[in-house]
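Chains as they are written, first to last, in our numbering: chain Y, 9 to 468; chain V, 9 to 468. For each residue, glycine too, the CB sits at the ideal point set by N, CA and C.
There are 2 protein chains.
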Amino acid sequence: MNQNIPYKIYLEEQEMPKQWYNVRADMKKKPAPILNPGTLKPVTLEELSGIFCRELAKQELNDTTAYFDIPQEILDFYRMYRPSPLVRAYCLEKKLGTPAHIYYKFEGNNTSGSHKLNSAIAQAYYAKKQGLKGVTTETGAGQWGTALSMACAYLDLDCQVYMVKCSYEQKPFRREVMRTYGAKVTPSPSMDTEVGRKMNAQFPGTTGSLGCAISEAVEAAMSQEGYRYVLGSVLSQVLLHQSVIGLEAKAALDKYNIKADMIIGCAGGGSNLGGLISPFAGQMLRGEAEYKLIAVEPASCPSLTRGVYAYDFCDTGKVCPLAKMYTLGSGFIPSASHAGGLRYHGMSSVVSELYDQGLLTARSVEQTEVFKAAQTFAKVEGILPAPESSHAIKVAMDEAIKCKETGEAKNIVFGLTGTGYFDMMAYQRFNDGEMQDYVPSDEDLTKAISQLPKVNVSVH
Amino acid sequence: MNQNIPYKIYLEEQEMPKQWYNVRADMKKKPAPILNPGTLKPVTLEELSGIFCRELAKQELNDTTAYFDIPQEILDFYRMYRPSPLVRAYCLEKKLGTPAHIYYKFEGNNTSGSHKLNSAIAQAYYAKKQGLKGVTTETGAGQWGTALSMACAYLDLDCQVYMVKCSYEQKPFRREVMRTYGAKVTPSPSMDTEVGRKMNAQFPGTTGSLGCAISEAVEAAMSQEGYRYVLGSVLSQVLLHQSVIGLEAKAALDKYNIKADMIIGCAGGGSNLGGLISPFAGQMLRGEAEYKLIAVEPASCPSLTRGVYAYDFCDTGKVCPLAKMYTLGSGFIPSASHAGGLRYHGMSSVVSELYDQGLLTARSVEQTEVFKAAQTFAKVEGILPAPESSHAIKVAMDEAIKCKETGEAKNIVFGLTGTGYFDMMAYQRFNDGEMQDYVPSDEDLTKAISQLPKVNVSVH
Numbered sequence: 009m010n011q012n013i014p015y016k017i018y019l020e021e022q023e024m025p026k027q028w029y030n031v032r033a034d035m036k037k038k039p040a041p042i043l044n045p046g047t048l049k050p051v052t053l054e055e056l057s058g059i060f061c062r063e064l065a066k067q068e069l070n071d072t073t074a075y076f077d078i079p080q081e082i083l084d085f086y087r088m089y090r091p092s093p094l095v096r097a098y099c100l101e102k103k104l105g106t107p108a109h110i111y112y113k114f115e116g117n118n119t120s121g122s123h124k125l126n127s128a129i130a131q132a133y134y135a136k137k138q139g140l141k142g143v144t145t146e147t148g149a150g151q152w153g154t155a156l157s158m159a160c161a162y163l164d165l166d167c168q169v170y171m172v173k174c175s176y177e178q179k180p181f182r183r184e185v186m187r188t189y190g191a192k193v194t195p196s197p198s199m200d201t202e203v204g205r206k207m208n209a210q211f212p213g214t215t216g217s218l219g220c221a222i223s224e225a226v227e228a229a230m231s232q233e234g235y236r237y238v239l240g241s242v243l244s245q246v247l248l249h250q251s252v253i254g255l256e257a258k259a260a261l262d263k264y265n266i267k268a269d270m271i272i273g274c275a276g277g278g279s280n281l282g283g284l285i286s287p288f289a290g291q292m293l294r295g296e297a298e299y300k301l302i303a304v305e306p307a308s309c310p311s312l313t314r315g316v317y318a319y320d321f322c323d324t325g326k327v328c329p330l331a332k333m334y335t336l337g338s339g340f341i342p343s344a345s346h347a348g349g350l351r352y353h354g355m356s357s358v359v360s361e362l363y364d365q366g367l368l369t370a371r372s373v374e375q376t377e378v379f380k381a382a383q384t385f386a387k388v389e390g391i392l393p394a395p396e397s398s399h400a401i402k403v404a405m406d407e408a409i410k411c412k413e414t415g416e417a418k419n420i421v422f423g424l425t426g427t428g429y430f431d432m433m434a435y436q437r438f439n440d441g442e443m444q445d446y447v448p449s450d451e452d453l454t455k456a457i458s459q460l461p462k463v464n465v466s467v468h
Numbered sequence: 009m010n011q012n013i014p015y016k017i018y019l020e021e022q023e024m025p026k027q028w029y030n031v032r033a034d035m036k037k038k039p040a041p042i043l044n045p046g047t048l049k050p051v052t053l054e055e056l057s058g059i060f061c062r063e064l065a066k067q068e069l070n071d072t073t074a075y076f077d078i079p080q081e082i083l084d085f086y087r088m089y090r091p092s093p094l095v096r097a098y099c100l101e102k103k104l105g106t107p108a109h110i111y112y113k114f115e116g117n118n119t120s121g122s123h124k125l126n127s128a129i130a131q132a133y134y135a136k137k138q139g140l141k142g143v144t145t146e147t148g149a150g151q152w153g154t155a156l157s158m159a160c161a162y163l164d165l166d167c168q169v170y171m172v173k174c175s176y177e178q179k180p181f182r183r184e185v186m187r188t189y190g191a192k193v194t195p196s197p198s199m200d201t202e203v204g205r206k207m208n209a210q211f212p213g214t215t216g217s218l219g220c221a222i223s224e225a226v227e228a229a230m231s232q233e234g235y236r237y238v239l240g241s242v243l244s245q246v247l248l249h250q251s252v253i254g255l256e257a258k259a260a261l262d263k264y265n266i267k268a269d270m271i272i273g274c275a276g277g278g279s280n281l282g283g284l285i286s287p288f289a290g291q292m293l294r295g296e297a298e299y300k301l302i303a304v305e306p307a308s309c310p311s312l313t314r315g316v317y318a319y320d321f322c323d324t325g326k327v328c329p330l331a332k333m334y335t336l337g338s339g340f341i342p343s344a345s346h347a348g349g350l351r352y353h354g355m356s357s358v359v360s361e362l363y364d365q366g367l368l369t370a371r372s373v374e375q376t377e378v379f380k381a382a383q384t385f386a387k388v389e390g391i392l393p394a395p396e397s398s399h400a401i402k403v404a405m406d407e408a409i410k411c412k413e414t415g416e417a418k419n420i421v422f423g424l425t426g427t428g429y430f431d432m433m434a435y436q437r438f439n440d441g442e443m444q445d446y447v448p449s450d451e452d453l454t455k456a457i458s459q460l461p462k463v464n465v466s467v468h
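Printed below as a string of structure tokens:
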């Protein structure tokens, strides 16, 4: 083992990024503008400020400013759980017998269990600064809701989470973490909102959906004085905040003069992947360096590898702005995969545009293989990974094995977005040999894609 | 805030301890020897080597060697999740408005979720080195079983865990973590062992007890060629391995010239507390420094504050050696507290002797107050603590508030042994306002203590 590179590279506090990086600023061809779902015209700052905090709406629309100062209060919060380590996977390398050097940026060492906290604290901070009373959001599996609850507790901001009813009932632990942090967690559909009451009347006994939970959260924000809605992925503002992952990773690599050959991340809505690759994609856009950037998505929800690049609704409830993105259609219902965080029909418009420009490649993997990789990783590296993160592990291992065949000592970097401690039902299915794979048929995809909204936009 | 002291002090890899420290070597009056439960005479190395690996048996009996080299393989494993951070609790200090400086040594950043892994890898290593096929153990709540499963998976050693049946059924997540790491997890009482079959016949439908699980694990080790039994707390060998906590904490404090005024740890069997305080107690024993050392135990199981110092069985099954310790009697059944790791009738003989010599003070706290402290801590410091660890948080906060009253800027250090991610049922009871406190009556204690074994030992 190369004793010059420690198992875990931790930046010193003074080496931590003090600015977020907005990769859009370095893109010659920008992501297409997001559209008002009512008018189908590019959304204005005023319109967007009705849903999101004003500062966040500004960040959302700003595709020219490369760096945003991270406010001191957010830096203070980051210091409680950041910098996250860049880990050299010595034991995994040994297990695979590969000459490759494998590194992972581990974002799971905080109570939310994932990278979501990076944006949650930013969004809660700007809400607090604007003098709001609270924020509303939806959560499926619960990572985002947990992260937001933690951020709001820290800032003494009210937090209302609409949790998809089946998760509320089947994942009581996540629900209790949120409640411990003082959040009000409501099973969706609820009787608190018009859309919830309507849904309950129309489908008695329904266990809910993410689309409905979003609609309820938006309605709750609109109908209460001093509240705004917040969202944990997909948005450009979220990718901006998540750039802290990539900036730290790059600083850690630079500190030890390591040049990454490839950077791999799992891709659901794109928040982790976009944050991780942003600084590296920026170098590529500026002609300063070359990397192989790989997005890994579940074969059950293959928006990049099998979707189309078109305007679509970001939410199934069709209340949020439309974005141009790689999408399977907002009506696409992915199979009950255990990587809940990757079950999204579309992809961040920034990631989509980078992919369309060829800066990024994509690969889809099936979940049984992903869990096998997760188990191998857990045994040798000691961390039980989240199913989402394990998609990146699988491809990193595949690439390391290729290096074994070719004898190349490539530097493979991947994002380990979180831990699987609240995903043990999925592991149980795997342990019991009952896990199944599902790949949508061409017919299913064609049908979903045929229902995309008809939008003609001639801006940019 | 003093910007000279970072939020988290991480030692560099080369600053990590390369030896464990055996505080017994510096004690003029040593802990009394452990006794063979059959003969009631001091147990010999040969006898002990039948139950434990030979190297561990040697460590158990060695009260004169101050430092033991940590084998390279264990150092390599430690580097995957150590050094653990010594965190300056800036946000908690601000919340309490205290002039005190609060630090905590956080052992929860690994998949086992606690400090248990420090000894699990050591015990698994020596078993592997001896050429054994596997190890057996018992687990209640599951922290120790999880840690041992991880260590055995890393070393490719068979791991058989007898898990108290009610936990096996009620805590399926911990069970699945162990299974993911390849351990064989058996609900106890099982039909695999004589003692288990007997128990099932005598008490049909019983949900088991830790005492019975220990007896099954010992029997399983004895009856299989190439197996030994391992235990996660109480033993002197475990405290030796856990000294890595205190050594790292001391090195981190020394690095920033911080002189701790008090060091606080929760106390169940004593493994975390003993490991944390060992190097500091060593300084006190050698007359080099003075600290206030505080053990915190649950009011429901107050072995130090209300027990007696006498020889007792370490396990309710009475198969393990006897130790002289502060005990409530091995027949004492603590109430169903949510800090499962602190529900032990006795206390490590090393911690007991330090307490008896007056180097250590003890305090007991009730669980509702403990969960209130845990919630406050979680909200401002971002980590959801284990119920066990939260006992130390409660007393650290009490001490910080005293400093506010007296205006003293004391340095308070406490051990945050783990996270509460698998304890959400307990938090749910707290969130729902349904948590109860229980303090045993004098009559209950007198009765349990009256049943202590009659032992006369005249050694040392």
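Check whether the segment 189-197 of chain Y and the segment 143-162 of chain Y touch, using three or more Cβ-Cβ pairs below 8 Å as the test.
yes
Check whether GLY348 of chain Y and CYS220 of chain Y have beta carbons under 8 Å apart:
For the purposes of this step, residue 348 of chain Y is identified with residue 340 of the first sequence, where counting begins at 1. For the purposes of this step, residue 220 of chain Y is identified with residue 212 of the first sequence, where counting begins at 1. No, the pair does not count as a contact, with Cβ atoms beyond the cut-off.
Proximal chain V residues relative to PRO14 of chain Y, where beta-carbon distance stays under 8 Å:
The sequence position of residue 14 of chain Y within the first sequence is 6, counting from 1. The contacting residues are GLU20, GLU21 and ARG87.
Could you name the residues of the same chain whose beta carbon sits closer than 7 Å to that of VAL51 of chain Y, not counting the 5 residues immediately before and after it, in chain order?
Locating residue 51 of chain Y in the first sequence gives position 43, where the first residue counts as 1. Same-chain partners within the cutoff: ILE42, LEU43, ASN44 and PRO329.
TYR134 of chain V and LEU64 of chain V closer than 8 Å at C-beta:
Here the question's residue 134 of chain V lines up with position 126 in the second sequence. Here the question's residue 64 of chain V lines up with position 56 in the second sequence. Cβ atoms of TYR134 of chain V and LEU64 of chain V: closer than 8 Å.
Taking Cβ positions only, does GLN383 of chain Y come closer than 8 Å to chain V?
Position 375 of the first sequence, counted from the start, is the residue given in the question as residue 383 of chain Y. With 8 Å as the cut-off, GLN383 of chain Y counts as an interface residue toward chain V.
Runs of 3 residues minimum, wholly inside the segment 413-447 of chain V: which ones carry the beta strand (DSSP E) assignment?
419-424
In whole angstroms, give me the CA-to-CA distance for CYS174 of chain Y and GLY315 of chain Y.
As a working note, residue 174 of chain Y is residue 166 in the first sequence. As a working note, residue 315 of chain Y is residue 307 in the first sequence. Taking the straight line joining both Cα atoms gives about 28 Å.
Within 8 Å (strictly less), CB to CB, does ILE391 of chain Y reach chain V?
Residue numbering aside, residue 391 of chain Y sits at position 383 when the first sequence is read from its first letter. Judged by the 8 Å Cβ criterion, ILE391 of chain Y is in contact with chain V.
Going by beta carbon distance, what residues of the same chain come within less than 6 Å of GLU361 of chain V, once the five residues before and after it are set aside?
Here residue 361 of chain V refers to the residue found at position 353 when the second sequence is read from its first residue. Result list for GLU361 of chain V: PRO39, in chain order.
Spatial neighbours of GLN178 of chain Y within its chain, please: CB distance less than 8 Å, with the 5 preceding and 5 following residues excluded, ordered by chain position.
Walking along the first sequence from the start, residue 178 of chain Y turns up at place 170. Cβ within range, chain order: MET433.
From the DSSP output, which residues share a beta bridge with THR147 of chain V?
As a first step, residue 147 of chain V must be located in the second sequence, where it is residue number 139. Paired residue(s): V:MET171.
Between MET432 of chain V and chain Y, is the shortest Cβ-Cβ distance under 8 Å, so that the two count as touching?
In the second sequence, residue 432 of chain V corresponds to position 424, counting from 1. So yes, MET432 of chain V belongs to the interface.
Identify whether LEU301 of chain V lies in helix, strand or coil by the three-state DSSP scheme.
Locating residue 301 of chain V in the second sequence gives position 293, where the first residue counts as 1. In this structure, LEU301 of chain V counts as strand in the three-state DSSP scheme.
Presumed contact (8 Å Cβ cut-off) between ALA268 of chain Y and VAL421 of chain Y, rounded CB distance
Sequence index remark: in the first sequence, residue 268 of chain Y carries index 260 (1-based). Sequence index remark: in the first sequence, residue 421 of chain Y carries index 413 (1-based). The Cβ separation is near 5 Å, so the contact holds.
Flag PHE288 of chain Y as yes if its beta-carbon sits less than 8 Å from any beta-carbon of chain V, otherwise no.
Residue 288 of chain Y sits at position 280 when you count from the first residue of the first sequence. No, PHE288 of chain Y lies away from the interface with chain V (no Cβ there is under 8 Å from its Cβ).
Going straight from the alpha carbon of MET3 of chain Y to that of VAL246 of chain Y, what length do you get?
Any question about residue 3 of chain Y goes unanswered here, given that chain Y covers just 9 to 468.
Taking only beta-carbon positions, decide if MET24 of chain V is within less than 8 Å of chain Y.
Mapped onto the second sequence, residue 24 of chain V falls at position 16. So, not an interface residue.
Figure out for me which residue from V:ALA149, V:THR454 and V:MET230 has the closest Cα to the Cα of TYR176 of chain V.
The residue you call residue 176 of chain V lines up with position 168 of the second sequence. Taking only the C-alpha atoms, the option nearest TYR176 of chain V is V:ALA149.
So with Cβ pairs under 8 Å, would you call GLU184 of chain Y a contact of chain V?
As a first step, residue 184 of chain Y is located in the first sequence; it is residue number 176 there, counting from the start. It does; some Cβ of chain V falls within 8 Å.
I'd like the list of long-range same chain contacts for LEU19 of chain V, defined as Cβ closer than 8 Å, with 5 residues on each side in sequence excluded.
Reading the second sequence from its first residue, position 11 is the one you call residue 19 of chain V. The residues are PRO91, GLU256, ALA259, ALA260 and LYS263.
Counting along the chain, where does the alpha helix (DSSP H) carrying ALA331 of chain Y start and finish?
On the first sequence, residue 331 of chain Y is found 323 positions in, with the first residue counted as 1. Run containing ALA331 of chain Y: none in the alpha helix (DSSP H); it sits in the beta strand (DSSP E), 330-335.
Please confirm whether THR8 of chain Y has its beta-carbon closer than 8 Å to some beta-carbon of chain V.
Outside the displayed span of chain Y (9 to 468) sits residue 8 of chain Y, for which this structure offers no information.
Taking Cβ positions, are THR335 of chain Y and SER372 of chain Y nearer each other than 8 Å?
The residue labelled residue 335 of chain Y in the question sits at position 327 within the first sequence. The residue labelled residue 372 of chain Y in the question sits at position 364 within the first sequence. Contact: no.
In chain order, what are the residue ranges of uninterrupted alpha helix (DSSP H) at least 4 long that sit wholly in the segment 203-263 of chain V?
218-231 and 244-263
Does any CB atom of chain Y fall closer than 8 Å to the CB of MET443 of chain V?
By 1-based counting over the second sequence, the position of residue 443 of chain V is 435. Not one chain Y Cβ lies under 8 Å of MET443 of chain V.
Step through the CB atoms of chain V and report whether any lies within less than 8 Å of the CB of ASN439 of chain Y.
The count along the first sequence starts at 1 and reaches residue 439 of chain Y at position 431. Yes, contact with chain V.
So, is ALA487 of chain Y buried or exposed, given that buried needs 16 or more other C-beta atoms within 10 angstroms?
There is no way to answer for residue 487 of chain Y, as the model of chain Y reaches only from 9 to 468.
Flag this pair as yes or no: are the beta carbons of PRO197 of chain Y and GLY213 of chain Y separated by less than 8 Å?
Position 189 of the first sequence, counting from 1, holds the residue named residue 197 of chain Y. Position 205 of the first sequence, counting from 1, holds the residue named residue 213 of chain Y. In this structure, GLY213 of chain Y does not lie closer than 8 Å to PRO197 of chain Y by Cβ.
THR118 of chain V: contacting residues in chain Y (beta-carbon distance under 7 Å):
Within the second sequence, the letter at position 110 stands for residue 118 of chain V. Per the sequence shown, the amino acid found at residue 118 of chain V is Asn instead of Thr. Per Cβ cutoff of 7 Å: GLY390.
Does TYR29 of chain V have its Cβ less than 8 Å from a Cβ in chain Y?
Looking up residue 29 of chain V in the second sequence gives position 21. With 8 Å as the cut-off, TYR29 of chain V does not count as an interface residue toward chain Y.
SER57 of chain V to GLN138 of chain V span [Cα, whole Å]
Along the second sequence, read from residue 1 onward, the residue named residue 57 of chain V stands at position 49. Along the second sequence, read from residue 1 onward, the residue named residue 138 of chain V stands at position 130. Straight-line Cα distance between these residues: approximately 11 Å.
Any beta carbon of chain V sitting closer than 8 Å to that of GLN436 of chain Y?
As a first step, residue 436 of chain Y must be located in the first sequence, where it is residue number 428. It does: the Cβ of GLN436 of chain Y has a partner Cβ on chain V nearer than 8 Å.
Any chance the segment 59-77 of chain V sits against the segment 368-384 of chain V, with 3 or more Cβ pairs inside 8 Å?
no
Under the DSSP definition of a beta bridge, which residues are partnered with LYS16 of chain Y?
As a position in the first sequence, residue 16 of chain Y is number 8, starting the count at 1. In DSSP, LYS16 of chain Y forms a bridge with Y:VAL95.
Every unbroken alpha helix (DSSP H) inside the segment 328-383 of chain Y [4 residues or more]:
357-364
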